[in-house]
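In my numbering, each number is its position in the sequence shown, counted from 1, plus 581. Input: a single structure, listed below in structure tokens.
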Amino acid sequence: MRLTEQARQTDEQMQAIRKFLGELDDALSEIVDELSEADESNALARCKSVHDKLDGFFQRL
Numbered sequence: 582m583r584l585t586e587q588a589r590q591t592d593e594q595m596q597a598i599r600k601f602l603g604e605l606d607d608a609l610s611e612i613v614d615e616l617s618e619a620d621e622s623n624a625l626a627r628c629k630s631v632h633d634k635l636d637g638f639f640q641r642l
């Protein structure tokens, strides 16, 4: 019975890790898109936007 509980916990942990990695991938994709649109005139605004996205992502953790 104990082994079954450990397997269930391991499965839950793996699902949580997959979800986290999926969210991280989405956040990084948004950041890459944001930075690829940057030019000298709006670089500071883009950096602030990237910072805010990262901050929001890590706040959810």
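C-beta: ideal position from N, C-alpha, C; glycine also. Note that the coordinates shown come from a computational prediction; the quantities given were computed from them, not determined experimentally.
I need the DSSP call for GLU621, collapsed to helix, strand or coil.
Numbered from 1 along the sequence shown, position 40 holds the residue referred to as residue 621. Coil.
Taking the straight line between their C-alpha atoms, what separation do you get for LYS634 and ASP620?
For the purposes of this step, residue 634 is identified with residue 53 of the sequence shown, where counting begins at 1. For the purposes of this step, residue 620 is identified with residue 39 of the sequence shown, where counting begins at 1. Our two residues, LYS634 and ASP620, have alpha carbons roughly 19 Å apart in a direct line.
Pairwise C-alpha distance: ASP607 and GLU593:
Taking the first residue of the sequence shown as 1, we reach residue 593 at position 12. Taking the first residue of the sequence shown as 1, we reach residue 607 at position 26. Whole-angstrom Cα-Cα distance: 21 Å.
Out of ILE598, LEU605, GLU604, VAL613, which has the shortest C-alpha to C-alpha gap to CYS628?
The count along the sequence shown starts at 1 and reaches residue 628 at position 47. Per the Cα distances, VAL613.
So for LEU642, helix, strand or coil by DSSP?
Taking the sequence shown and counting its residues from 1, one reaches residue 642 at position 61. Of the three classes helix, strand and coil, the one that applies to LEU642 here is coil, per DSSP.
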